[in-house]
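Start counting the sequence shown at 1; every next residue gets the next number (full-length UniProt numbering). Even for Gly, the Cβ is constructed at its ideal location relative to N, Cα and C. Predicted model, so just to flag it, every value in this text is computed and none were measured. Notes to accompany the following structure.
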Amino acid sequence: MKYNHWLLAGTLLLAGGGAWSQARLVEKVTRKGSELVIPYEKYVLPNGLTVIVHEDHSDPVVHVDMTYHVGSSREEIGKSGFAHFFEHMMFEGSEHAPKGTFDKLLPDNNGSTNTDRTNYYETVPPNKLEQAMWLEADRMGFLLDAVTQKRFEVQRATVKNERGQRYDNAPYGLANEVVSKNLYPYGHPYSWMTIGYLEDLDRSNAEDLKNFFLRWYGPNNATLTIGGDVNPAEVLKLVDKYFGNIPRGPEVSPVKVPAVSVPTDRYATHVDNYARLPRLYMTQPTVPLYHPDMVALDCLAEILGQGKNSVLYQTMVKKQLALQAAAFHSNSELAGFFRFDVVPAAGKTLADMEALVRAALDSFELRGVTDADIAKFKGAQESQMINGLQSVQGKVTQLASYQTFTGNPNKIAEELAEIRKLTKEDVLRVYRQYIKGKGAVILSVVPKGQESMLAHEPNFTIDSSRYDKPDYGYAGLKYVKAKDAFNRATMPAAGTVPPVKAPPFWKKDWAGGLRTIGTFNDETPTVAISLYLPGGHLASAADKSKAGLASLFAAMMNEDTKDHSAEQISQELARLGASLFVSSGTDGVTITVQSLKKNLDPVLAILQERLFRPNFTEAAFNRIKNQRIQGFKQMKSQPAAIADVVFAKVNYGPDHIFGISQQGTEETVKNIELKDIEAYYNNYITSQGARLVVVGDIKQPEVEAKLAFLKQLPNRKVTLPVPPPAQPVAKTQVYLVDVPKGAQTEFRVGYATGRPWDATGDYYRSVLANYTLGGNFSSRLNQNLREDKGWTYGASSRFSGNRYGGDFRFASGIRADVTDSALLELMKDVNGYVTNGPTDADVAFLRDALGQAEAQRYETPGQKLEFISRILEYNLPANYTEQQSRILNTISKDELKRVAQQRIQPNQFNILLVGDKARVLENVKKLGYEVVELDVDGKKVGEKKEF
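Encoded structure:
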């Protein structure tokens, strides 16, 4: 139950401060008992800014979210993509905080845009809160004078690169664009993607930017939400100081559009340059966000097309008629849609898939909705809501979203009530009302050359004759700045850094070699468990012809047991609000469990059953194996996936286990038989070398009692081969994989270092040395290639490592026409940094940035799990993070330079470029590099030999 305190007076006396705040307290919500609620105080300033404060002192972390109620739904024909473009411009600096200030002061900051809102957010330690407020206020009230034409052009180029990387240069990347054009009427604000069209971005200008800012970025169209280790009274003082005098913007009215209707089926076709497999999308209009029918439609989507119990899985995937078949329901502020998404099995057409989807709906009508369906949906939804509140960011984001779209930050109680009252009859009703017999947009995405696979010839023409251009009120807008009694150019001091304490933990070695570690935390009523069993990819090192065996084994462990089918287990886990998943890694298989504390016993019973009574059936094996083989074909159409696979082969060679993907290859997976899965189980399920990690609302004695069944693990010795070191790189040269007409070139540059991960030694110092070069948004590489040149959406370099070795790599997707120029700049930046090292300012930023990140290392159960897992795996002392902090705060720029010179060797780089050979090859050769051409499998073009 919530408690609301309405203040009739217009001002509020701040506790301890003696000053009168401009903010009006609208509502205060507290938690009563164990109810699911996010406590908060809600205020409104005279200029219209809504402020929500959530107080939570469990961790020294503060999350700040500024949400503006504007997205692509405020755009018009010919000017699409501007809301997203403007989001980029908000990071270009403001009058009192020049470009780069945000990233230097608060490295963990970002923003996002969707159809209906844009938000900017940062996670900081409490001592950085005032700086965050100063920066957010400055770009709200003082942006335009700092915007230059050059910055405008660079960010426009960056957005184009983002579109190229995420949509134009990706398989199925343009499917949503085609569906939206055909689903919504011409001019409807959802009829284009949020990122917009390239031609619209080209015709935008600085005047558009100015008007967009003045029209939509006023305080009366914004919600500032602050949560975490804060004092509400102190927060209100800062809000008054920095936001109180910013003038109110023009009034903003809700967008109103008619409900979307699709009377008859509309067929459309898109020929995809990157896809290797055809794909069918069937989309029908439904209801806006928080409509009374939203929950029932969500449940319908789960029943029809989510998980092993779904109708589509049972009728299509399990019978190997489709490689994948799913359904989902999506809601935005103005409208929603229901979608079926199907990839056919080999030999099947999209017309076959359409017929199968329609047959599946007939099966659903005969099947009906069961009590188990409803219980499964309710359990999963409640668990999802609880898990979403494990971090301050999760709680703040939820409060901000609820306020923006409903005006009620406490909407979580209403959402939970809607879920709990759902009935079978509700689900059947929405099926008949929105799905059965209703028209759909049916899109066939077909690879080039496979046009005969489409479901139906296009039959719909978009009518553009009835478009009424909206008048958003851009005329006569004026830029009025706040008048303050203080100097905004004075950056507030950061204050004292709060101490960060790693979570306490217990450790115990069990008989048979199982090692355990755990930490108690009852902030949410949840438990997270990780059980590691040695084996994994290295188990195939002696017989690489069956590489991918551990990955395939893990997939089989997610299937049937001798007592229950995979469908029954999936249904029960969802009802319990839990998850249990088996995955494979470099040297082991890991079983990960998430559970509500109240349901832990039955969830552990499922873990015990999965672990000790798997049932490896021929049918499941053949289905998963076929899906893997078809998946390899699809990966060969994705430039980024090609780059990762081939780069490993270039670095390690084809005969090294690390030169082969952990999933294997099409050839190696074909060699795996069911008996190999059984042999893996018999040889690698063991207590020796196993590790158990438990985090959450459970103490050590309870862990030992509830997981005592793990003492039944066979006590067998597992000896994994030690992989040989990678061959050193003789000289820097370029490898090129041709992706014809690729909009971007995927760069992978570096080599295998041979340096394993460590917490406080050579590896850790290498990570610190790379930070300035490519380890953060403000790094040399990203600032040059993205922020200065506008050639990429992002560029970074990093060291990675495990127990057996490591890599150094630069990665980026870069505009195809500047591939050679980007390579020149990359090598210039790397050579310059290795030669000169970081500056004093770089070292200061390194310490400040990583010091801020320290507060977030142990906030969520997942973060705590990762922390203590590493302690157990590497036998680290409990205070290793304190040792890291001492190194961070004492390492000199000369030592960082020395480490960079030792560990980053630009004269021994493997340079892999995956892009359009016709545009790239000759220009790269002019730079003086030897170029070796490879195919998508890493084999030399014209030869059978692999690299």
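Closest residue to residue i among the options (Cα-Cα distance)
| i | options | result |
| --- | --- | --- |
| residue 846 | 833, 889 and 830 | 889 |
| residue 698 | 528, 449 and 114 | 528 |
| residue 189 | 201, 134 and 258 | 258 |
| residue 861 | 893, 757 and 522 | 522 |
| residue 951 | 290, 447 and 673 | The requested residue 951 is not part of the displayed model; the chain covers only 1 to 947. |
| residue 487 | 90, 225, 245 and 36 | 245 |
| residue 911 | 166, 732, 467 and 808 | 732 |
| residue 920 | 821, 937 and 567 | 821 |
| residue 39 | 30, 46 and 45 | 30 |
| residue 564 | 609, 532 and 206 | 609 |
| residue 810 | 491, 798, 742 and 214 | 798 |
| residue 930 | 735, 410, 243 and 451 | 735 |
| residue 949 | 480, 86 and 351 | Outside the shown range of the chain (1 to 947) lies residue 949, about which nothing can therefore be said. |
| residue 338 | 355, 773, 886 and 306 | 306 |
| residue 253 | 224, 588, 741 and 215 | 215 |
| residue 64 | 589, 43 and 108 | 108 |
| residue 465 | 455, 595 and 187 | 187 |
| residue 606 | 45, 866, 587 and 582 | 582 |
| residue 848 | 77, 125, 638 and 113 | 125 |
| residue 706 | 714, 716 and 694 | 694 |
| residue 647 | 546, 684, 749 and 560 | 749 |
| residue 758 | 746, 812, 84 and 874 | 874 |
| residue 941 | 596, 510 and 917 | 917 |
| residue 742 | 816, 562, 614 and 934 | 816 |
Paired residues, beta bridge with residue i - DSSP
| i | result |
| --- | --- |
| residue 134 | The partner list for residue 134 (beta bridge, DSSP) is empty, contrary to what the question assumes. |
| residue 66 | 120 and 224 |
| residue 746 | 813 and 914 |
| residue 36 | The partner list for residue 36 (beta bridge, DSSP) is empty, contrary to what the question assumes. |
| residue 294 | DSSP output for residue 294 lists no bridge partner at all. |
| residue 27 | 42 |
| residue 751 | 808 |
| residue 822 | In DSSP, residue 822 forms no bridge with anything. |
| residue 594 | 528 and 579 |
| residue 588 | 534 |
| residue 55 | 228 |
Cβ-Cβ distance between residue i and residue j below 8 Å
| i | j | result |
| --- | --- | --- |
| residue 780 | residue 833 | yes |
| residue 687 | residue 536 | no |
| residue 327 | residue 260 | no |
| residue 41 | residue 25 | yes |
| residue 89 | residue 147 | yes |
| residue 569 | residue 621 | no |
| residue 55 | residue 239 | no |
| residue 885 | residue 854 | yes |
| residue 262 | residue 143 | no |
| residue 111 | residue 195 | no |
| residue 151 | residue 207 | no |
| residue 548 | residue 668 | yes |
| residue 612 | residue 450 | no |
Cβ-heavy atom distance, residue i to the ligand NAD, below 7 Å
| i | result |
| --- | --- |
| residue 502 | In the structure shown, the ligand NAD is absent, as is every other ligand, since no ligand is present at all. |
Residue i at chain C interface by Cβ criterion, 8 Å
| i | result |
| --- | --- |
| residue 349 | In the displayed structure, chain C is absent; only one protein chain is listed. |
- Item | Cβ contact check for the stretch 892-901 and the stretch 768-783: 3 or more pairs under 8 Å | The stretch 892-901 makes contact with the stretch 768-783: 3 or more CB pairs, one atom from each, lie closer than 8 Å.
- Are at least three pairs of beta-carbons, each pair with one atom in the stretch 282-295 and one in the stretch 307-321, less than 8 Å apart? The answer is no - the stretch 307-321 does not touch the stretch 282-295, with fewer than three Cβ pairs under 8 Å.
- Length-filtered (4 minimum) alpha helix (DSSP H) runs lying within the stretch 641-709: Runs of the alpha helix (DSSP H) inside the stretch 641-709: 666-671, 674-684 and 700-706.
- Could you name each continuous alpha helix (DSSP H) segment of 4 residues or more that falls completely within the stretch 167-248, going from the start of the chain to the end? Taking only runs of at least 4 residues, the alpha helix (DSSP H) segments lying wholly in the stretch 167-248 are 175-183, 198-203, 206-216 and 232-243.
- Along the chain, which unbroken stretches of the beta strand (DSSP E) at least 3 residues long are found entirely within the stretch 430-493? Counting only runs of 3 or more, we get 441-447.
- Message: For the pair the stretch 505-516 and the stretch 134-141, tell me if three or more CB-CB distances fall below 8 Å.
- Response: In the pairwise beta carbon analysis, the stretch 505-516 is classified as not touching the stretch 134-141: fewer than three pairs are separated by under 8 Å.
- Item | Contact the stretch 791-801 vs the stretch 154-169: 3+ CB pairs below 8 Å | Judged by Cβ distances under 8 Å, the stretch 791-801 makes contact with the stretch 154-169, as three or more pairs qualify.
- Item | Touch test, the stretch 408-427 against the stretch 344-364, Cβ-Cβ under 8 Å, three pairs minimum | In short, these stretches do not touch, since the Cβ pair count stays below three.
- Task: Return the chain-ordered ranges of every alpha helix (DSSP H) run that is complete within the stretch 310-380 and spans a minimum of 4 residues.
- Result: Given a length threshold of 4 residues, each whole run of the alpha helix (DSSP H) inside the stretch 310-380 is given here in chain order: 350-367.
- Ordered list of beta strand (DSSP E) runs contained in the stretch 852-880, each at least 3 residues: With a minimum length of 3 residues, no continuous beta strand (DSSP E) run stays inside the stretch 852-880.
- Message: For the pair the stretch 216-230 and the stretch 42-61, tell me if three or more CB-CB distances fall below 8 Å.
- Response: Counting Cβ pairs under 8 Å, three or more are found: they touch.
- Task: Would you be able to state if there are at least three C-beta pairs under 8 Å between the stretch 495-502 and the stretch 82-101?
- Result: Result no; under three Cβ-Cβ pairs closer than 8 Å.
- Message: Taking 8 Å as the cut-off, does the stretch 355-366 touch the stretch 390-402 (at least 3 CB pairs, one atom from each stretch)?
- Response: Using a Cβ-Cβ distance cut-off of 8 Å, the stretch 390-402 and the stretch 355-366 are not in contact, since fewer than three pairs of beta carbons, one from each stretch, lie closer than that value.
- Pairing CB atoms from the stretch 269-280 with CB atoms from the stretch 169-188, are three or more of them under 8 Å? These segments touch.
- Message: Contact between the stretch 613-630 and the stretch 317-325 is defined here as three or more beta-carbon pairs at a separation below 8 Å; is this criterion met?
- Response: Under the Cβ criterion (8 Å, minimum of three pairs), the stretch 613-630 counts as touching the stretch 317-325.
- Query: Does the pairing of the stretch 800-808 with the stretch 583-598 give three or more beta-carbon distances under 8 Å?
  - Reply: Three or more pairs of CB atoms, one per stretch, sit closer than 8 Å, so the stretch 800-808 contacts the stretch 583-598.
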